[in-house]
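The sequence shown runs 1 to 109 under the UniProt record's numbering.
Every residue, glycine too, gets a C-beta built ideally from N, C-alpha and C.
All of these numbers come straight from a predicted model, not from anything done at the bench.
Only one structure is covered here, and it is reproduced in the block below.
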Amino acid sequence: MDLNHKDIVYDEKEDEYEIIEYIGSGGFGHVYKTRKKIDNSIWALKTIHPIVNNEQDIKAILNEGKNALKIRNENVICYIYFHDGTKFNNLPPYIIMEYAKGLIIDFTI
1 MDLNHKDIVY
11 DEKEDEYEII
21 EYIGSGGFGH
31 VYKTRKKIDN
41 SIWALKTIHP
51 IVNNEQDIKA
61 ILNEGKNALK
71 IRNENVICYI
81 YFHDGTKFNN
91 LPPYIIMEYA
101 KGLIIDFTI
């Protein structure tokens, strides 16, 4: 399921994030610029393609998402919410993370 401009997604507190711009896509899914409605802050949202169909890969992705939420470092884009597709079952799995304005990670690394 793709998301569109003005679609709403949620974090664990059920705060609303509005899709404001499609940024691009990669091997795991699409990336969007979002606006948190409660405070107008800007965040990135990465969807995860539903191409994973075996239990081992699903567990690995869930484990990676949960572990990534724990990482806090000034040199790392922080994840703030990992949606595995169950809480909001009308939405695809996604990650809400810090938005790095103007950075192209391929060139930064």
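Review point. Is the Cβ-Cβ distance between Ile19 and Tyr10 less than 8 Å?
Key: The criterion of a C-beta distance shorter than 8 Å is not satisfied by Ile19 and Tyr10.
Point to revise | the region 59-69 touching the region 80-87, judged by at least three CB pairs closer than 8 Å | key: The answer is yes - the region 80-87 touches the region 59-69, with three or more Cβ pairs under 8 Å.
**Study point:** Host beta strand (DSSP E) of Glu14 (start-end)
**Key:** Membership of Glu14 in any beta strand (DSSP E) is not indicated, and neither H nor E is assigned to it by DSSP.
Review point. Looking at the structure shown, is Lys46 part of a helix, part of a strand, or coil, going by DSSP?
Key: Of the three classes helix, strand and coil, the one that applies to Lys46 here is strand, per DSSP.
Practice item. Quick one: grab the DSSP three-state call for Ile80. Key: DSSP places Ile80 in strand when its eight states are reduced to three.
Practice item. State the DSSP-derived secondary structure class of Glu64, mapped to helix, strand or coil. Key: In the three-state reduction of the DSSP assignment, Glu64 falls in the helix class, which pools H, G and I.
**Study point:** Lys59 (DSSP reduced to helix, strand or coil)
**Key:** Annotated three-state conformation of Lys59 is helix, per DSSP.
Point to revise | Bridge-paired residues (DSSP) for Ser25 | key: For Ser25, which the question treats as bridged, DSSP gives the partners His30.
Review point. In angstroms, rounded to a whole number, what distance separates the CA positions of Thr108 and Tyr99?
Key: Residue confidence for Thr108 is low, a pLDDT of 49 falling below 50, so the modelled location carries little weight and cannot support an answer.
Check your understanding: My guess is that Ala44 and Met97 are in contact by the Cβ rule of under 8 Å, so how many angstroms apart are they, rounded?
Key -> 5 Å between Cβ atoms; contact.
Practice item. Reducing DSSP to helix, strand and coil, say where Lys36 ends up. Key: Note: Lys36 maps to strand in three-state DSSP.
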